[in-house]
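Residue numbering for the sequence shown follows the numbering used here, starting at 2 and increasing by one per position.
Reviewing the structure listed below.
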Amino acid sequence: RKYRLALDNLERLVVQRLFELKKLGMNGLGYKLREKIGQALKTRAEAIRKALAVYNKNAAALSPPRPALTWNDIMNMVSVGEFDLLRDARQDVRNKPWAKRVHRDAMTCHFNVKRAREEIERLDVEIPRLFSYMIDDHVDYVRAI
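Here it is in structure tokens:
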């Protein structure tokens, strides 16, 4: 129970931090609001460090012990979609191939390449259109003069 509570608290703090980081990157924020968000991030970082220590203590006490997290592990989770501690369910999903960071990174890379190929197909249509437009526009200017 203590492990689950520590896990929930850590997850809540990190998700709040991620949302604050996203808000900080928005356009149109005033100086004062940016300062307040910056202060909140500093405070949240200290709370995350304490929650991480509690989580690691409780994770080590379990049988079998859960892997400890480091500050760098938490900071490398840059989006809410990546932040999932893969909680213990009826089966341990952390051992599944899709749960490993290397496999998720490979999948992200695969979809980026796939999207780039789609973009190339789209550009194969758009470039001739733009070229035709430029020629037609040039001819119109020459006729107008």
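C-beta atoms are modelled at their ideal positions from N, C-alpha and C, and glycine is treated no differently.
Assumed close pair residue i, residue j - CB separation to whole angstroms, cut-off 8 Å
i: L70; j: A48; result: Not quite, the Cβ-Cβ distance comes to about 15 Å (not below 8 Å), so this is no contact.
i: L63; j: L11; result: Contact flag wrong, Cβ pair sits at about 15 Å.
i: W72; j: R50; result: 7 Å
Residue i to residue j span [Cα, whole Å]
i: H111; j: V143; result: 48 Å
i: I146; j: V114; result: 47 Å
i: D74; j: P68; result: 11 Å
i: L34; j: E21; result: 11 Å
i: P166; j: D141; result: This structure cannot settle anything about residue 166, because the visible part of the chain is limited to 2 through 146.
i: E127; j: K97; result: 42 Å
i: Q17; j: A61; result: 25 Å
i: K37; j: L19; result: 15 Å
i: L124; j: H139; result: 22 Å
i: S133; j: E119; result: 22 Å
i: V81; j: L131; result: With a pLDDT of 47 at V81, under the threshold of 50, the modelled position of this residue cannot be trusted; read the value that follows with caution. The straight-line gap from Cα to Cα measures roughly 39 Å.
i: G31; j: D9; result: 33 Å
i: M76; j: M135; result: 48 Å
i: E122; j: D137; result: 24 Å
Residue j beta carbon less than 8 Å from that of residue i
i: N57; j: Y4; result: no
i: A7; j: V55; result: yes
| query | Are the stretch 102-121 and the stretch 36-43 touching, with three or more C-beta to C-beta distances below 8 Å? | reply | No: the two stretches stay apart, fewer than three of their Cβ pairs being nearer than 8 Å.
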